[in-house]
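Numbering (the working numbering), first residue to last: 6 to 153.
Have a look at the structure below before the remarks.
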Amino acid sequence: MLHAMIMAGGGGTRFWPRSRQKKPKQFLQLGGDRSLIQQAYERLEAAVPPERMWVITSEAYRQETQAHLPALANDHIIGEPVGRDTAPCVALGAALIIKTDPEAVMLVSPADHVIEPVQEFRRAVHAAHEICKDSPNTFLTFGIPICV
């Protein structure tokens, strides 16, 4: 089954002064009336039900994440005691997901990207999931076209 993991551990330095340590960019409303983490969750919920959705964040942001994503079970919001960047975050998510579903297909998404059009993204997720189901141990990545 398809599981989704949203990476939301950033400390808020890139959009300073709007984003900062106490309010990192995943909690900002950019490109709409929903925070970036809410947009990430909503993009994925058409393909993945809440019981197979996970967020890896900083322990310091667990409560704020729960406030932004009330439909997500609290035990699916994982707080890292210390952020170690992308690879350890993905490894932690994979270890948790494999415990619940040894045959899982895992989709990893950042919490702080604006991805449009959403329907195109969802179609790409569906296609990627089909490829991974047919070819276990496959690693796929999404990219974006260069905008000139």
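The beta carbon of each residue, even a glycine, is placed where N, CA and C say it ideally should be.
Same chain, Cβ closer than 6 Å to residue i, neighbours up to 5 away in sequence not counted
i: LEU112; result: ALA9
i: PRO115; result: MET12
Residue i, DSSP secondary structure in three states
i: ILE103; result: helix
i: LEU145; result: coil
Terminal residues of the beta strand (DSSP E) in which residue i lies
i: VAL110; result: 110–115
i: HIS8; result: 7–13
Outcome for residue i when other beta-carbon atoms lying within 10 angstroms are tallied against a minimum of 16
i: CYS152; result: exposed
i: GLN68; result: exposed
i: ARG136; result: The question names Arg, but residue 136 is Ile in the sequence shown. Exposed, because fewer than 16 other Cβ atoms sit within 10 Å of the Cβ of ILE136.
i: ASP117; result: buried
i: ILE3; result: Any question about residue 3 goes unanswered here, given that the chain covers just 6 to 153.
i: PHE144; result: exposed
i: LYS138; result: exposed
i: ILE11; result: buried
i: PRO122; result: exposed
i: GLY36; result: exposed
i: GLN34; result: exposed
i: ALA45; result: buried
Range covered by the alpha helix (DSSP H) that runs through residue i
i: ILE151; result: Where ILE151 is concerned, there is no enclosing alpha helix (DSSP H), given that its DSSP letter is neither H nor E.
i: ILE136; result: 123–139
Proximal residues to residue i (C-beta, below 7 Å), its chain only, five neighbours per side dropped
i: PHE126; result: ARG48 and ILE120
i: PHE147; result: ALA129
i: GLY14; result: ILE61, THR62, SER63, GLU85, GLY88 and CYS94
Neighbourhood of residue i by C-beta, 8 Å cutoff - its chain only, sequence neighbours within 5 removed
i: HIS134; result: LEU7, ALA52, VAL110 and LEU112
i: ARG39; result: GLU47
- Length-filtered (3 minimum) beta strand (DSSP E) runs lying within the region 26–95: 58–63 and 82–85
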